[in-house]
Structure formats: structure tokens, C-alpha cells
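Structure first, commentary second.
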Amino acid sequence: MNRPSFRHRSGTVQPASLAVQWLDGDQRGAQVMATARYLLQIEQFAKQALPPALAQVCKVARIERQQITLTVPSAAYASKLRQLAPTIVRLLADNGSNLNEIIVKVQARPWRNETKPAPREVVPLGDSALAAFAELRHNLRPGPLANAIGRLLDHHRK
Numbered sequence: 379m380n381r382p383s384f385r386h387r388s389g390t391v392q393p394a395s396l397a398v399q400w401l402d403g404d405q406r407g408a409q410v411m412a413t414a415r416y417l418l419q420i421e422q423f424a425k426q427a428l429p430p431a432l433a434q435v436c437k438v439a440r441i442e443r444q445q446i447t448l449t450v451p452s453a454a455y456a457s458k459l460r461q462l463a464p465t466i467v468r469l470l471a472d473n474g475s476n477l478n479e480i481i482v483k484v485q486a487r488p489w490r491n492e493t494k495p496a497p498r499e500v501v502p503l504g505d506s507a508l509a510a511f512a513e514l515r516h517n518l519r520p521g522p523l524a525n526a527i528g529r530l531l532d533h534h535r536k
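Per the working numbering, residue 379 is the first one in the sequence shown, and the count goes up by one each step.
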């Protein structure tokens, strides 16, 4: 199936688009993509029955046989989700899904995939760099740039 390629303003294909195209072209990858799309589709249907705050944190973790496992980050969300389970099952059935049981699990931040920033490497200015900045400051007329270079020199000479 041909899909439009998503391009940055510069005209290059986005890496995520390339990954999706590669997965769709591979037999195993196509199965993974089909499963992912199905999970996302079921998640969207389920979220229609949820209040906005709960819909934002609720994720479909697994679909097995006729059971759907939904995860939320706290017991309070889980309690509300269990109350809404019959409504969700009904909505899923109305949309053609053959799921009739909901399992709710508390999983602290199951969707969080943040990467930690690399530690900041601070390299102090060497003597030759400080001398070059001092010469530059000496050759500049008084003003904001000369003041900024003065502060830089003061900071690095401490």
C-alpha cells in the first residue's frame, strides 16, 4: 500500500515516516504495525466514554482473546475506570469490536518515554582564549558587547 511520505520543510523524509514505511514493507513488521494500529483504534474508542482527565492517562496495554487490559497511573483512576467499564464495553461492541471484558491495572506512568539529557560538559576557557577575549575587549568601543565580554572574563578568571 502506498503511503504519502511526510517531509520536513527542507524536503527530507522524516525518520518516523521511514520507519513506518520499512515496517509496512516487512511481513513481520506489517503484523506489528497492524497490531499497533488496532491497539490505537481500540484506545480511541475507549477514550470516547471517559472523562477528559481519565482519557488523557488511560492506555491500552494488551488485547488478548476477548479481554482488553487498560492501564492508568493511580488507584483513583483505576476505580473510576472500573465504574465505566460496562460503558466502554458497550461502546466497543457498537463499533464492531468483539471485546467483552476489561482488566484495569495500575502502572505508574506506563507511557512515559522521556530521555534524560546528557550531562552538561563545562570546559573552562584556557589562557590563550582568555587572552584573545581580553584583546577583543580592549579593541572594542564601550557598549553592550564590550560589557558582555568583560563579564565573561570576570567569570572565567575567578
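The beta-carbon is built from N, C-alpha and C at its ideal position, and this holds for glycine as well.
In this text the structure is predicted, and so the values were computed from the model without any measurement.
In the DSSP assignment, Val435 falls outside any beta strand (DSSP E) and lies within the alpha helix (DSSP H) extending over Pro430 to Val435. Counted as a single uninterrupted DSSP element, the stretch harbouring Val482 is not any alpha helix (DSSP H) but the beta strand (DSSP E) occupying residues Glu479 to Val484. Between the beta-carbon of Ile466 and that of Ile441 there is about 13 angstroms, and that puts the pair past the 8 angstroms contact cut. The beta carbon of Val500 lies closer than 8 angstroms to none in the same chain, with the five residues before and after it left out. The C-beta distance from Arg515 to Leu531 rounds to 7 angstroms, short enough to fall under 8 angstroms. Excluding the 5 residues flanking it on each side, Gln426 has same chain C-beta neighbours closer than 7 angstroms at Leu469, in chain order.
In the DSSP annotation of this structure, the continuous segment of the alpha helix (DSSP H) that includes Gln419 starts and ends at Gln405 to Lys425. Leu448 is bridged by DSSP to Val438 and Val482.
Annotated three-state conformation of Leu469 is helix, per DSSP.
Cβ atoms of Ala454 and Val482 stay farther apart than 8 angstroms, at about 12 angstroms. The beta carbon of Ala439 sits closer than 8 angstroms to those of Thr447, Leu448, Thr449, Lys483, Gln485 and Pro488, all from its chain and outside the five residues before and after it, given in chain order. Within the model, the alpha-carbon separation for Phe511 versus Ala496 is close to 29 angstroms. Per DSSP, reduced to three states, the secondary structure at Arg498 is coil, with no helix or strand assignment. Leu462 is a Cβ neighbour of Leu428, given a cutoff of 8 angstroms.
Secondary structure note for Ser506: its alpha helix (DSSP H) is the uninterrupted segment Asp505 to Asn517.
As the crow flies, the alpha-carbon of Ala471 is around 33 angstroms from that of Trp400.
In the displayed model, Lys458 falls within a helix according to three-state DSSP.
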